[in-house]
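Everything on this sheet refers to the single structure shown next.
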Amino acid sequence: MSRVFTLDGNTDILNCDLTNIPMQEFSERDSDENKEVYEQYKKATPARVGIGHTGSRYHTAAALRFQADQYSAANAVQMEVPERVVKELGLFEVQTKCASKYEMLTRPDLGRLFTEETKKIISERCVHEPDVQIFIGDGLCSPSVEANVPTMYPAICAALEYEGITVGTPFFVRYCRVNTVRTVAELLHPKVTCVLIGERPGLLTSQSMSAYMAYNARYDMLESDYTVVSNISRVGMPPAEAAANIADIIKAMLEQKTSGYGLKY
Amino acid sequence: MNLKCTLYNKTFAFSSVKEVLAKANEPKSGDVLAGVAAVSAEERMAAKLVLSELTVKELRENPSVPYEEDEVTRIIQDDLDMEQYEKFKGMTIGELRDWILSYDATSEMILAASKGFTSEVIAGVAKLMGNLDLMYAASKLEVHAHCNTTIGGRGVFASRLQPNHPTDDLRGVTSSLFEGLSYACGDAVLGLNPAIDTVNSTTDVLKLLYDVRTKYEIPTQICVLSHISTQMKAAQAGAPIDLCFQSIAGSEKALRSFGTSAEMLGDALQMMTELAKSQGPDYMYFETGQASELSSSSHFDTDQQTMESRCYGLARHYHPFLVNTVVGFMGPEYLYDGKQVIRAALEDVFCGKMHGLPMGCDCCYTNHMQADQNDMDNLITIMAAAGCTYVMGLPQGDDVMLMYQSTGFHDSQTVREMLGLHPIREFEQWAEKMGILSNGRLTSRAGDLTIFR
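If you read the sequences in order, they're chains A and B. Note that this note's numbering gives residue 61 to position 61 of the first sequence, counting from 1, and the numbers run on in steps of one. Note that this note's numbering gives residue 1442 to position 442 of the second sequence, counting from 1, and the numbers run on in steps of one.
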């Protein structure tokens, strides 16, 4: 007989689409004791708790689900952001010096640089010296752009512009790295530079992104000068909430004229 | 000093000790990225030959970063036990490798001698070792440290319980915490990586961990791995703290990029002797990982394995309770695949233990590397065989905050059963009392997080 592997008693592993079951409802518990307490613990985290054991090992459904989720995450790294998504966001697109996804993964030094021609395009199409320059990057998770930016970007802008803060011209960077921030800042000289960038996917979601922000970013800034909001996704920090956080942090940076560990917010 | 050799009917000449060390390193994508790797397998072999004939003295006198420019080099050099150094300074690195592996050299003898070796010397020995050499040598070394319990020693395979949550939600953290405890994990530390690096959040989680530790009378230590300055502020405001954590690196410039310094680490240790809830005397917890220096352009044209060894030279200055490499966290630009990760983990555990550190390993990978969970199954077993002090325990190995995979609660128990290893004794007795472990095996009660309520 098949084992029950969801809180609501599912045993049909072939037709339930295993990876679509939220982890909070995925269960392979060996006993029914204290069911209510158990379900409270399950609901409190997307971590893989309450999955029981056979000998010291995982049960079959848990083991297979883990592999299925890991494959999906590894796949998200290799995907491209479709041109359609960039257009729908109303962004123009540029590419770093990386020629391919493979080069982007193994050459972070090229992933932060642009050719002279690309620099010229950015310089010509963008407002210079805004209070805040925001741009979007694919990073290590292309699906995160379509999943979060349509909600997040307009909300950040609205919150900043309401306070009279000027926001620069947004654009999309293919094969983007976090440190592309340094290059963009040296081109456009904003007070605060912010990249919304796909973060390396975990098993929980293949749609997660981060915001890396720095005051007066430049080539020789320290890593610790960044302030970061991470885990932005439907299952982590929802994009609307993240937008409010990011706007608050940017405001604090403009007021305190600093970022990273020195920033209080 | 001879930096030349003939091999394959060719002459190979190197310009510095640093170049020899870098080119003798086993293949790592990060060394290629840094432009310091051997250009061919032939050149790598030539570098290994030259390295085998260099002496302890020659490596000491040619540190990777100059003494005048770098506080990490100064700590490594100034901490040297000169009596031991004098005894070994004429030995070549090849002879030193032979001696460490020999039946004559006991754990006690090696650990006494290694106080006279700079981190470059220890890194050099690792470069002349195969994987099984590294495992065998590391497994010989018995290192102990004490906070609330004693970690290390033969037959003990401890685990850090890592109950991370995407937003540090206290109920969510509690779920993973109880789950891990129900599998007898957490004897090294109950240690959370925070999603939010603030004093308030750090304090809230520290209080939770402390309450659980005291309520269930668990013989272990607690830690929230926020930035060292955040933990210090929390502790000074009264938050309960057992261990003080910081990520460290192998050069002063790299430490700066982490927002810290040797002075700050010293201040934290001093503060811990006054404010810690734990017994000590070992209060610090450091994490490392090959290539963190390269990622912040502060590697000084040194290979990543040598820089990593320098982290341990820095760490031993503060006699930490825990040190672990987060070996596969940095990504494919530094360690490309499972094979490179396993090699790096072995180098790190050997070099760490050679520095007298209770070295653990976060056996881990990211989803943009060419590696998967099967590589971690291999690695955790290899680590246990190598006498690695502790590994990570997460719910099925999945970190829902840091977005990478490590080893699971089930995995440390599996390895303990296979290799006849145990948790730290007091903790094991606690797990037996709780009805989680019996005769070294999980009971039917194990894995039921509702036993804590």
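We put the CB at the ideal spot given by N, CA and C, even for glycine. Please read all numbers here as calculations on a predicted model, not as lab measurements.
beta-carbon residue i near the ligand ADP non-hydrogen atom, thresh 7 angstroms
i, result
"A99/A", "As far as ligands go, the structure on display features none, and thus does not contain the ligand ADP."
Under the three-state DSSP convention, the category residue i falls into
i, result
"Y175/A", "coil"
"V1349/B", "helix"
"G1408/B", "strand"
"M1/A", "The predicted model places M1/A with a pLDDT of 43, which falls under 50 and marks its position as unreliable, so this point remains unresolved."
"D1031/B", "helix"
"I1451/B", "helix"
"V81/A", "coil"
"S1214/B", "Residue 1214/B is actually Thr in this sequence, not Ser. Correct three-state label for T1214/B: helix."
"G1360/B", "strand"
"G262/A", "helix"
"Y1283/B", "coil"
"V1156/B", "strand"
"F1258/B", "coil"
"D1078/B", "helix"
"K35/A", "helix"
"D1399/B", "strand"
Residue i versus residue j: straight-line alpha-carbon distance, rounded
i, j, result
"V127/A", "E163/A", "19 angstroms"
"Y71/A", "M1354/B", "38 angstroms"
"T115/A", "A1047/B", "37 angstroms"
"L239/A", "G198/A", "According to the sequence provided, residue 239/A is Pro. The question's Leu does not apply to it. For P239/A and G198/A, the distance between alpha carbons rounds to 13 angstroms."
"D1079/B", "I1436/B", "44 angstroms"
"C1147/B", "S1278/B", "6 angstroms"
"G1094/B", "I1075/B", "26 angstroms"
"K120/A", "H189/A", "14 angstroms"
"P1066/B", "F66/A", "47 angstroms"
"S27/A", "H1410/B", "16 angstroms"
"Q1290/B", "L14/A", "42 angstroms"
"L1007/B", "D69/A", "49 angstroms"
"K251/A", "L1161/B", "37 angstroms"
"G1238/B", "L1394/B", "29 angstroms"
"E161/A", "E1217/B", "53 angstroms"
"E1274/B", "P1219/B", "21 angstroms"
"D1375/B", "G1153/B", "26 angstroms"
"M1/A", "D12/A", "In this predicted model, M1/A has a pLDDT of only 43, less than 50, meaning its place in the structure is not dependable; the value taken from the coordinates is given anyway. Near 11 angstroms, if we compare the C-alpha coordinates of D12/A and M1/A."
Within 8 angstroms, strictly: CB atoms of residue i and residue j
i, j, result
"T1202/B", "Q1221/B", "no"
"T180/A", "G260/A", "no"
"C141/A", "P46/A", "no"
"H1319/B", "D1282/B", "yes"
"H1299/B", "A1034/B", "yes"
"S210/A", "I232/A", "yes"
"I122/A", "F171/A", "yes"
"F1350/B", "A1315/B", "no"
"T193/A", "A217/A", "yes"
"A1235/B", "M1271/B", "yes"
"K1519/B", "L1335/B", "In the structure displayed, chain B extends from 1001 to 1453; residue 1519/B sits before or after that span and is not available."
Residue-level contact to chain A via CB, residue i, 8 angstroms cutoff
i, result
"A1446/B", "yes"
"H1165/B", "yes"
"T1450/B", "yes"
"D1375/B", "no"
"Y1210/B", "no"
"H1410/B", "yes"
"D1398/B", "yes"
"N1367/B", "yes"
"L1033/B", "yes"
"E1333/B", "yes"
"E1287/B", "no"
"A1236/B", "According to the sequence displayed, residue 1236/B carries Gln and not Ala. Chain A contact via Cβ: absent."
Proximity test, Cβ basis, 8 angstroms: residue i and chain B
i, result
"P108/A", "yes"
"M213/A", "no"
"T60/A", "no"
"I51/A", "yes"
"F66/A", "yes"
"V77/A", "yes"
"Q256/A", "no"
"S144/A", "no"
"A185/A", "no"
Whole beta strand (DSSP E) elements within the segment 1165–1193 of chain B, 3-residue minimum: Whole beta strand (DSSP E) segments, 3+ residues: 1189–1192.
Just to confirm the assignment: which complete beta strand (DSSP E) runs, minimum length 3, are found wholly within the segment 85–112 of chain A? 92–95, all fully within the segment 85–112 of chain A.
Identify every run of the beta strand (DSSP E) within the segment 1287–1328 of chain B, keeping only runs that are complete inside it and at least 3 residues long; order them along the chain. Qualifying beta strand (DSSP E) stretches, in chain order: 1322–1326.
In chain order, what are the residue ranges of uninterrupted beta strand (DSSP E) at least 3 long that sit wholly in the segment 168–232 of chain A? Here the runs fully enclosed are 171–174, 192–198, 209–215 and 227–232.
Which full runs of the alpha helix (DSSP H) of 4+ residues lie inside the segment 116–174 of chain A, going along the chain? The alpha helix (DSSP H) runs of length 4 or more contained entirely in the segment 116–174 of chain A are, from start to end of the chain, 116–125 and 143–162.
Those runs of the beta strand (DSSP E) which lie wholly inside the segment 1223–1249 of chain B and span at least 3 residues: The segment 1223–1249 of chain B contains these whole beta strand (DSSP E) runs: 1244–1247.
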